[in-house]
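Here the structure is laid out as structure tokens; the discussion comes afterwards.
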Amino acid sequence: MHLNATGLSVLVLEGAEHAVPTVASLLGDGASVTVRAPSVCTALQDLAQRGHLRWTRDEVDEGSFDLVVRHLARPVARESAGATTGRVTLVGAGPGDPGLVTVAGRAAIETADVVVADRLAPWEALAWAPAHAEVVDVSKIPFGRSTSQDEINRILVDHATAGRHVVRLKGGDSYVFGRGFEEVQACAAAGIATTVIPGVTSSVAAPELAGVPVTHRGLVQGFTVISGHVPPGHPDSTIDYAALARSGTTLVVLMGVRTLPAITEALLDAGLDGGTPCALVADASLAGQRSLRTTLAKAASDAATAGIGAPAVAVIGHVAALEP
Ligand code: SAH
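What the sequence shown shows, in the working numbering, is residues 209 to 532, in sequence order.
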């Protein structure tokens with residue numbers, strides 16, 4: 209049964225992961241949701257932080273809500289029904305707005321027995337999962353709590369081995385700094401069939417949503433996407449910044465908020481003009497999307513002043529100064 213909760217104020221007395229599909233569905237209807245629970249899973253924390261719902265530990269007056277949701281059933285994991293063959297579908301879920309999940313991605317979620325999701329995947333999309341589906345939250349918050357990749361691989365393989373359809377929901381595209389291929393390899397090693405559904409990558413979508421095309425005829429003939437996770441000069445960095453500075457392509461930096469000062473300095477040292485236009489886009493496609501336009505020389509200080517935080521993309525190149 210689907211209850212249309214449009215415009216209702218709803219109190220949900222459950223904060224664990226199995227409440228996420230219900231909460232997502234209520235939010236999708238346009239309900240105003242309050243979660244009252246001593247603790248909530250990271251998915252609900254995320255939604256609260258982004259202002260989609262209110263989370264409180266305090267007593268609330270249940271009578272002041274249109275609807276109170278309690279005793280949400282925990283999903284019962286489906287066991288293999290003999291002929292059922294478990295499989296894993298990697299779904300690139302785009303930069304955050306559930307509207308940017310592909311039609312094929314949505315169809316996969318609708319047939320999932322288990323959804324294994326990251327922090328950057330749109331939680332609202334979990335409302336599309338069948339009622340029996342189990343949600344596993346393997347959020348990786350930068351430099352904080354994380355579930356190791358081996359553990360994620362094990363979760364995928366174990367559920368698929370038990371005959372379930374496992375949807376691995378990942379932010380952006382699974383193969384762009386998403387460790388998607390590691391998961392495909394782990395499944396292959398365990399004899400599990402995988403399907404990959406490409407996603408809208410933030411490396412193109414975030415600039416685009418801030419009005420910046422990564423290429424533009426007559427201006428630039430290519431774009432280069434790098435990870436800024438390790439700064440230039442770090443023993444693990446394999447990027448030739450001098451070559452990047454000479455490349456003549458738009459440069460798109462992912463995971464580069466913390467390392468932006470070092471990256472811009474390396475490009476300046478390599479001779480890239482300090483006046484080269486630069487755009488920064490945070491939380492692209494989400495309600496809190498923010499962007500600013502600056503120059504290579506001023507990017508790091510302007511980002512700090514504006515309080516640009518992860519997830520954010522930096523775009524360096526003449527396209528960052530284009531206006532419609
Ligand atoms: N596979 C993802 C990238 C994963 S790495 C993709 O294809 O988009 C995580 C980085 O992606 C973040 O540090 C940030 O640089 C970028 N990112 C992801 N979602 C974003 C968003 N909504 N807005 C801005 N940047 C985003």
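Note that CB positions come from ideal geometry on N, CA and C, so glycine has one too.
All of these numbers come straight from a predicted model, not from anything done at the bench.
Simplified DSSP state of residue i, which is helix, strand or coil
i	result
V309	coil
S518	Note that residue 518 is Ala in the sequence shown, not Ser. Of the three classes helix, strand and coil, the one that applies to A518 here is coil, per DSSP.
A289	Confidence at A289 is low in this model, with a pLDDT of 45, below 50, so the placement of that residue should be treated as unreliable; the coordinate-derived value is given next. The answer is coil: DSSP assigns A289 none of H, G, I, E or B.
A507	helix
F351	Confidence at F351 is low in this model, with a pLDDT of 48, below 50, so its placement is unreliable and the value that follows should be read with caution. Reduced to three states, the DSSP call for F351 is coil.
R161	An answer regarding residue 161 cannot be provided, because it is not within the stretch 209 to 532 covered by the chain.
L334	helix
T242	strand
heavy atom of ligand 1 below 6 Å from residue i C-beta
i	result
F385	yes
A301	no
D481	no
D305	no
P519	yes
T409	yes
G313	no
A414	yes
G380	yes
D491	yes
L462	yes
L328	yes
Distance CB(residue i)-CB(residue j) smaller than 7 Å
i	j	result
I317	A339	no
S411	L462	yes
L427	H526	yes
P440	A470	yes
G430	T403	no
I400	V299	no
L252	V241	no
P306	A333	yes
T297	V375	yes
V420	A528	yes
L255	V218	no
A414	V489	yes
Endpoints, alpha helix (DSSP H) assigned at residue i
i	result
T503	Run containing T503: none in the alpha helix (DSSP H); it sits in the beta strand (DSSP E), 498-503.
D237	228-237
A256	250-257
Residue span of the beta strand (DSSP E) that contains residue i, given as start and end
i	result
V296	295-300
T446	Run containing T446: none; DSSP gives neither H nor E here.
T214	It is not in any beta strand (DSSP E) - T214 carries neither H nor E in the DSSP assignment.
A325	322-325
E342	342-345
Closer than 6 Å: residue i CB and nearest ligand 3 heavy atom
i	result
G496	Absent from the structure shown: ligand 3. Ligands present: ligand 1.
In chain order, which continuous runs of the beta strand (DSSP E) of length 3 or greater are located wholly inside the stretch 399-437? 401-405, 431-435
Could you give the uninterrupted runs of the alpha helix (DSSP H) lying entirely in the stretch 453-487, keeping only those of 4 residues or more? 468-477
Tell me the start and end of each unbroken beta strand (DSSP E) in the stretch 368-401 that is at least 3 residues and wholly inside, in chain order. 373-378
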